[in-house]
Amino acid sequence: MSRRILIIDDEDDIRQVAALSLETVAGWDVIVASSGAQGLLRAAEHQPDAILLDVMMPGMDGPTTFRELRKNPATAKIPVLLLTAKVQGPDQRRFADLGVEAVLLKPFDPLTLSTQMEKVLGWD
Amino acid sequence: MASNPPATKPSIADALNRLWIRFLPEIEGRITILETASQALANSSLTDEQREEAHAAAHKLSGTLGTFGLDRGTELARRAELEFEKQSPSVVPAELTAWISELGLLVRSRQ
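Residue numbers (our numbering), protein chains in the order written: chain A, -10 to 113; chain B, 118 to 228.
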C-alpha cells in the first residue's frame, strides 16, 4: 500500500538517502523538512501517514518537535519514529519514554528502512 | 501518491553512489574538522569550540557513513564522538589520530 511519509532532518545527506530509500524501495510518497519548525508546518499541511524525525537538530530538536506535534490536534495522532545516531542505552530509554512509536538507529540500511518502519508501525 | 515499481539492488546502489559523490565534499569537510581537532589535542591546544565542532562532525559521520555501506567508518566516528563529548578526551592522542586517519582513508577510498 502506498504511504505518505514526512522526513524531518537537518542533514541534507541523511534526508536524501532516506527519501531515496522510501521512494525507491517501498514506492512511498515522501515529503521532507529540514528543521523542526518546517516539519510542524508540513505535517499539518500534508497529513502524512508517519513522520521520521531526527533527534539532534539545531533550534527545535527532535523531542521538542515531537511534543509540538502532539500539542496540535491536526498532527497529534500521526505516528512518529525518532531517528538517531545516539546508541547509548540511557539515550535510547529517554527517547522511548517520550511516547514515540519507535526509535530507529542511524545508520540505517536504505534497502530495509521501509520494512523496519512497516514492522514497528504494524503496516506489514 | 507514488507507485514506483519495486527497486532492484543495482538501481538503489547506483542512486546511493550518486548521492555519495554529491555529498562527498561535505563528508570530507567533517573529516578535516576531526583531523584538525585531533592535531590540536596532540598539541594540547584543543579549544572548547574545536572540541564541540569535532563532536558534532563525528556524530554526523557516525550516522551517515554506515548508510553508505561504510560500517567501519561509523564505528570509528562513534569512538571519536564519545571522546570529543568529554570535556577532556581521555584517549591517548595518537590513538585518536590513528582512528581519524583510518576514517579519512576509508572515506577517500570508497568508490
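Ideal Cβ positions, reconstructed from N, Cα and C, are used throughout, including at glycine.
Please read these numbers as outputs of a predicted model, since none were measured by experiment.
Suppose the cutoff is 8 Å on Cβ atoms and the five residues either side in sequence are ignored; what does the same chain contact list for P100 of chain A look like?
Reading off the sequence, residue 100 of chain A comes out as Leu, not Pro. Cβ within range, chain order: S10 and V14.
Taking C-beta pairs closer than 8 Å, name the residues in chain B that K95 of chain A reaches, listed in chain order.
Within 8 Å Cβ-Cβ: S179, G180, T181, G183 and T184.
Output, in sequence order along the chain, the residues in the stretch 204 to 220 of chain B whose CB is closer than 7 Å to any CB in chain A.
Listed in sequence order: no entries.
Tell me whether the stretch 183 to 195 of chain B and the stretch 47 to 63 of chain A touch, counting them as touching only if at least three CB pairs, one residue from each stretch, are closer than 8 Å.
no
Taking Cβ-Cβ distances shorter than 9 Å, what residues in chain A pair up with H172 of chain B?
Within chain A, no residue comes near H172 of chain B; the closest Cβ sits about 11 Å away, beyond 9 Å.
DSSP state of T101 of chain A mapped onto helix, strand, coil
In the structure shown, T101 of chain A sits in coil (DSSP, three-state: anything other than H, G, I, E or B).
Tell whether a beta-carbon distance below 8 Å holds between A39 of chain A and L87 of chain A.
no
In chain order, which alpha helix (DSSP H) runs of at least 4 residues are fully inside the stretch 47 to 87 of chain A?
51 to 60 and 78 to 85
Step through the CB atoms of chain A and report whether any lies within less than 8 Å of the CB of L223 of chain B.
So no, L223 of chain B is outside the interface.
Does the distance from the C-beta atom of F17 of chain A to that of I(-6) of chain A stay below 8 Å?
Note that residue 17 of chain A corresponds to Trp in the displayed sequence, not to Phe. Contact flag set, yes.
Which residue wins for smallest C-alpha separation from S(-9) of chain A, given the options A:M49, A:A74, A:V69 and A:V19?
Nearest of A:M49, A:A74, A:V69 and A:V19 to S(-9) of chain A, Cα basis: A:V19.
Could you pull the start and end residues of the alpha helix (DSSP H) that L11 of chain A belongs to?
Element bounds for L11 of chain A: D1 to T13.
Using a Cβ cut-off of 8 Å, pull out every chain A residue sitting near E143 of chain B, in sequence order please.
D1 and D2
In chain A, which residues lie with their C-beta within 7 Å of the C-beta of T191 of chain B?
Under the 7 Å cutoff, chain A gives P96.
Looking only at its own chain, which residues have a Cβ that is under 7 Å from the Cβ of L30 of chain A, when we skip the five neighbours before and after it?
Shown here for L30 of chain A: not one same chain residue has a beta carbon closer than 7 Å to its own, the five before and five after excluded.
Under DSSP, the beta strand (DSSP E) around R227 of chain B begins and ends at which residues?
Unbroken run through R227 of chain B: none, as it is neither H nor E.
If you compare alpha carbons, which of B:E169, B:P142, B:F185 and B:G221 is closest to D200 of chain B?
Looking at the sequence shown, residue 200 of chain B is not Asp but Glu. It is B:E169.
Identify the continuous alpha helix (DSSP H) that holds D113 of chain A and give its terminal residues.
Counting along the chain, D113 of chain A falls outside any alpha helix (DSSP H), and DSSP gives it neither H nor E.
C-alpha gap between L94 of chain A and Q105 of chain A, whole angstroms
11 Å
Only counting the same chain, and skipping five residues up and downstream in sequence, which positions put a Cβ closer than 7 Å to that of T214 of chain B?
The residues are S155 and A159.
In this structure, what does DSSP give as the bridge partners for R(-7) of chain A?
A:D18
T54 of chain A versus I67 of chain A: straight-line alpha-carbon distance, rounded:
13 Å
For A91 of chain A, which residues of its own chain have a beta-carbon under 6 Å away from its beta-carbon, when the five flanking residues on both sides are left out?
L70 and V109
Looking at the secondary structure, which residues open and close the beta strand (DSSP E) in which L42 of chain A lies?
DSSP places L42 of chain A inside the beta strand (DSSP E), whose first and last residues are A39 to D43.
Shortest alpha-carbon distance to V119 of chain A belongs to which of B:R189, B:I217 and B:G183?
Because residue 119 of chain A is not part of the residues shown, which for chain A are -10 to 113, the question remains open.
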